[in-house]
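Position 13 (the sequence shown) corresponds to 313 in the numbering used here; numbering is contiguous.
Structure first, commentary second.
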Amino acid sequence: MSLKCKQIEALCYSIIEKYKPLMFLDAHKIKIKYDESIDEDNIMECEPAFPYFNATIHYGDSALKLFEKHKNNKKEQRDVFTEYIVHELFHIITAGLADKAQQRFVSENEISRELETLTDHAMKIIVNLAK
């Protein structure tokens with residue numbers, strides 16, 4: 301594992317530890333993992349193990365580039381990664397909704413669009429409240 305990956309993971313775990321109690325995710329075990337197969341358009345992806353209390357947040361090369369871009373401003377780097385991590389944490393909360401919607405006659409694109417809109421909105425609320 302590269303030094304940069306270790307730094308990103310340390311940053312992400314510190315953000316997770318701050319936001320888990322605020323989001324009532326204390327019982328969840330959340331891992332951060334580098335995944336070279338993450339699409340270049342995505343910084344991170346959450347893989348919740350619904351209905352279990354486990355999740356893995358995967359990050360790829362785009363996250364490495366983003367981390368490097370803000371390497372000279374640690375506050376900005378933390379702020380940027382906070383938004384991505386909180387967004388992914390909300391996928392854990394919405395996993396039940398997504399699971400039920402996928403069992404109905406709704407397209408994957410419709411579900412994905414609605415979940416992304418919901419998680420972005422909720423992320424902004426939480427990040428703003430935590431400041």
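For glycine and all other residues, C-beta sits at the position ideal for the given N, C-alpha and C.
All of these numbers come straight from a predicted model, not from anything done at the bench.
Verify whether the separation of the beta carbon atoms of residue i and residue j is less than 7 Å.
i      : j      : result
Phe353 : Ala327 : yes
Ala355 : Ile330 : yes
Phe381 : Thr419 : no
Gln377 : His370 : yes
Ile385 : Ile308 : no
Leu364 : Lys304 : yes
Run through the DSSP bridge pairs and tell me what residue i is partnered with.
i      : result
Thr382 : Its beta-bridge partners do not exist; DSSP assigns none.
Cys346 : Ile357
Tyr334 : Tyr359
Lys329 : Asn354
For the alpha helix (DSSP H) containing residue i, name the first residue and the last one.
i      : result
His421 : 408-430
Ser302 : Segment: none, Ser302 is in no alpha helix (DSSP H) and carries neither H nor E.
Lys341 : With the sequence shown as reference, residue 341 is identified as Asp, and Lys is not the correct amino acid for it. Segment: none, Asp341 is in no alpha helix (DSSP H) and carries neither H nor E.
Lys400 : 395-403
Identify, in the order they occur along the chain, each residue of the same chain with its Cβ nearer than 8 Å to the Cβ of residue i, setting aside the five sequence neighbours on each side.
i      : result
Thr394 : Leu415, Leu418, Thr419
Cys312 : Ile332, Ile357, Tyr359, Phe381, Ile385
Ile411 : Ala398, Ala401, Gln402
For residue i, I'd like the list of residues in its chain whose CB is within less than 7 Å of its CB, leaving aside the five on either flank, ordered along the chain.
i      : result
Pro348 : Ala355, His391, Ile392, Ala395
Does the pairing of the stretch 358-372 with the stretch 410-426 give three or more beta-carbon distances under 8 Å?
no
At least 3 beta-carbon pairs within less than 8 Å: the stretch 335-348 vs the stretch 403-411:
no
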